[in-house]
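Chemist: Our numbering puts the sequence shown at residues 93 to 345.
Here a beta-carbon is modelled for each residue, glycine too, at the ideal position from N, C-alpha and C.
In this text, all values refer to a predicted model and were calculated from it rather than measured experimentally.
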Amino acid sequence: MKASAAQQRLLLDLADLDADIAKAQHARKNLPEDARLADLAASLETARDDVARSRVAVDDLREVYEKLDRELTGMAEHAARDQAAIDSGSVGHKALAELQHEMESLVRRRDDLEGEMLELMEQQEATDTEADRAEATLLTLTEKELDLVAARDRSAAAAEQKVADMTERRGSLAATIDDALVAVYDGLRKRGQVGAGLVQARRCGACRMELDPRTLSRIAAADEDDVLRCEECGAIMVRTSHSGLPGQGRPRE
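#1: Quick one: what does DSSP say M93 is sitting in, helix, strand or coil?
#2: Got a sec? Which residues, its chain only, sit under 8 angstroms from L132 by beta carbon, not counting five neighbours each side?
#3: Determine which residues share a DSSP beta bridge with C322 and list them.
#4: Buried or exposed, going by whether 16 or more other CB atoms sit within 10 Å of the CB of V348?
#5: Whole angstroms are fine: how far does the CA of G326 sit from the CA of L106?
#6: CB-CB under 7 angstroms to E194, same chain, minus the five flanking residues each way: which ones, in chain order?
#7: Determine the contact status of V156 and L212, defining contact as a CB-CB distance below 8 angstroms.
#8: Between the C-alpha atoms of K282 and S96, what's the straight-line distance to the nearest angstrom?
#9: Should L337 and L308 be called a contact, given that it needs their Cβ atoms to be closer than 8 angstroms?
#10: Can you tell me whether G184 is buried or exposed, with buried defined as 16 or more other CB within 10 angstroms of its CB?
#11: So what's G166 in DSSP terms, helix, strand or just coil?
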C-alpha cells in the first residue's frame, strides 16, 4: 500500500485526537459529581431511615398519650358520677362505702395516669426533637443532592460538548487523509488496536515493542510512501525525521 509521507504523518495527529476523544469520553462516564452522588446516596438512605423511624416513634407515643388521655377523661367522668351520687345522700351505707372505696381507687389511678402522661410528654419532647433533627439532616442532604445533580448536569453537558467538538475536528482531519489509509487505520481501531504509531528510538509507537535490526533495516530501506505495518501489533508505522532510522529510506520532512 502506498501513501505519501505527509499523509501518513497526519495519522499521528488523528491518533492523538482519537486518544483525546477516548479520554474525554472516559471523563464523561466518570464525572467526579457522579462519585460524590454515589457516596451521598448512602447518607441519604440512612437519613430517610432515621426520619421514618423518628416519625414512627412520634406516632407511637402520640397514640399511647391519646389512649391514656381517653382513659383519664373516662375516669374523670366516672369519678364525677360517683361524687354526685355521694353528694346526693340517696345511697345506702353499704353503697356509700363502696363508692368511697371506688373513688379512692380512681384517685390513685388518676395520679398514676397523670404521672405516666408527664413522663410520656417528656419522651414526646425528646422524640419530637430527634424527629426535627432527622428531618433537618434529610433536608440538608437533599439540597446537597440537588446541587450536585445540577453540577453533574453542567459537567456532563460540558464534557459532551468537548467530545462533540473533538469528534467534529476528527471528521475534518480524516477528510484530508486518503480514504484507503483511513480505512486501514479505522479498521485497526475497531478491533481495539492502536491504528498508527511513530517509529522512534527503535520502537513501534503503537505497541512500544523494540524493533529488531532486521525490521529496522527493512523500514530504513522502504520508500517513503510505503505504508509499513508493525509485525507485532499491526499498526501503521509512521516514519519522521525523528524516528532515528539508518540513513536509507528516511522520509523527507
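Modeler: According to the structure data:
#1: As a working mapping, residue 93 is identified with position 1 in the sequence shown. Note: M93 maps to coil in three-state DSSP.
#2: Working through the sequence shown from its first residue, we reach residue 132 at position 40. The answer, listed in chain order, is L233, K236, E237, L240.
#3: Position 230 of the sequence shown, counting from 1, holds the residue named residue 322. Answer by DSSP bridge pairing: none, since C322 is not bridged.
#4: Nothing can be reported for residue 348: it is not among the residues displayed for the chain, which extend from 93 to 345.
#5: For the purposes of this step, residue 106 is taken as the residue at position 14 of the sequence shown. For the purposes of this step, residue 326 is taken as the residue at position 234 of the sequence shown. Taking the straight line from one Cα to the other gives about 17 angstroms.
#6: Position 102 of the sequence shown holds residue 194. Same-chain partners within the cutoff: D174.
#7: Walking along the sequence shown from the start, residue 156 turns up at place 64. Walking along the sequence shown from the start, residue 212 turns up at place 120. Yes.
#8: Residue 282 sits at position 190 when you count from the first residue of the sequence shown. Residue 96 sits at position 4 when you count from the first residue of the sequence shown. Cα-Cα distance, rounded: 24 angstroms.
#9: Your numbering for residue 337 matches position 245 in the sequence shown. Your numbering for residue 308 matches position 216 in the sequence shown. For L337 and L308, yes; Cβs fall inside 8 angstroms.
#10: Position 92 of the sequence shown, counted from the first residue, corresponds to residue 184. Burial call: exposed.
#11: Position 74 of the sequence shown holds residue 166. Helix at G166.
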